[in-house]
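Structure record follows, encoded as structure tokens.
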Amino acid sequence: MNTKIILLTSMIAASIGFTGCDSSEKKPDNAQPAAANSQPVQPVPVPAASVPVFFDDFSYADLAGFYNNGWKVRTETGHPGIKGATWSAEGLSFHPDIIGAENGAIRMSSVTGGTGENTRHTQFCHARKYREGTYAARVFFRDEPGYGPDGDEVIQTFYAISPLKAPMDKNYSETDFEYLPNGGWGENTVPAMWTTSWDTFQLEPWTKVNEYTRTAGSYAGWHTLVLTVADNKVIYYVDGQLFSEHTSAVFPEDFMSINFNLWFMPKGADGSQGPVDSPELREYQEDIDWVFFREGIALSTAEVEALVAGYRTNKVAYLDEVKEQNPPLPSPCGL
């Protein structure tokens, strides 16, 4: 590890104490955690400065630097989303002057006219080498399209996932933040944040084994999303507040890639109404300021934000210390 980064991380750890998932991260009154969420969050030991970290400030000038740092863009058609839709890098752009993002941000833009022929979804992912630890991202969600009619059941995300090797694959792993500004998953029209931890699923016939939490209300604007995968629990935080806790039954069993995607629900998907009845094109956007992962350690939101602030102070735009598996695991960027 770079000596400068070791020193920086050690100084930040000393200044904020690294007491783990801070007890000040309380559940909001309107959160609806799973029934098993009664166990208090336990503090964790002080992490060593050498614990591997992945960080990206998304301060790129173009796609070339983005690809050089290990990111991939989905081009594979298929699930999820509107059947026949394309997935491509056309929806990705970099913006150095976005308000609220210190060093700029990456933007996903997806468009639809209601059919597969005029729909373009957007997804990008990093290497499949992440499992236990702390995942975090600062994300800007929107409630309305940039242009065109409103009302499509659109999903704006930050998640980690492994490939589904076969229907009902027992080693399948997925942990999701999903913001649905126009409803969906059978909860129509009302905006809501969902967190879902998956054990497995199959497409035909549709069968799912997961735990989820839904909290209604608008989440438009900037939000810091933190997910800890540790101590046989999956815990989600939004802006430092405990959002949900899921059990060992859905604890990730395989290494996952880090992903963001922006896609439109098809009609009938788990009770969804799908796109609005209009051929007029409309575009939805999601911005990502930064993304972070720390291996093997459950950190609080305050601890993550302190580390990110330290990297920025020291002009660290990208850091990847998380080792690939041997041999490296395939990361198809297709789910």
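At the far end of the sequence shown sits residue 462, using the numbering used here, and the numbering has no gaps. Heads up, the beta-carbon is just placed ideally off N, CA and C, and yes, glycines get one too. Model, not experiment: these values are computed from the prediction.
Counting the other CB atoms within 10 Å of its CB gives T242 a total below 16, which places it among the exposed residues.
DSSP places R234 in the strand class (E or B) of the three-state scheme. Our two residues, R258 and Y364, have alpha carbons roughly 17 Å apart in a direct line.
Per DSSP, the continuous alpha helix (DSSP H) segment holding F193 begins and ends at L190 to N195. Of the residues A264, T204, D224 and T355, the one whose Cα lies closest to the Cα of V435 is A264. The residue among F182, N230 and A287 with its C-alpha nearest the C-alpha of M383 is A287. Here the alpha carbons of G344 and K210 stand approximately 29 Å from one another. For Y187, no alpha helix (DSSP H) encloses it, and the DSSP letter there is neither H nor E. By the C-beta criterion, the stretch 374-390 is judged to be in contact with the stretch 244-259, since at least 3 inter-stretch pairs fall below 8 Å.
When only Cα atoms are considered, P272 and K450 end up about 39 Å apart. Between G260 and I424, the C-beta spacing is below 8 Å. Between D224 and G231, the beta carbon gap of about 7 Å places them in contact (Cβ cut-off 8 Å).
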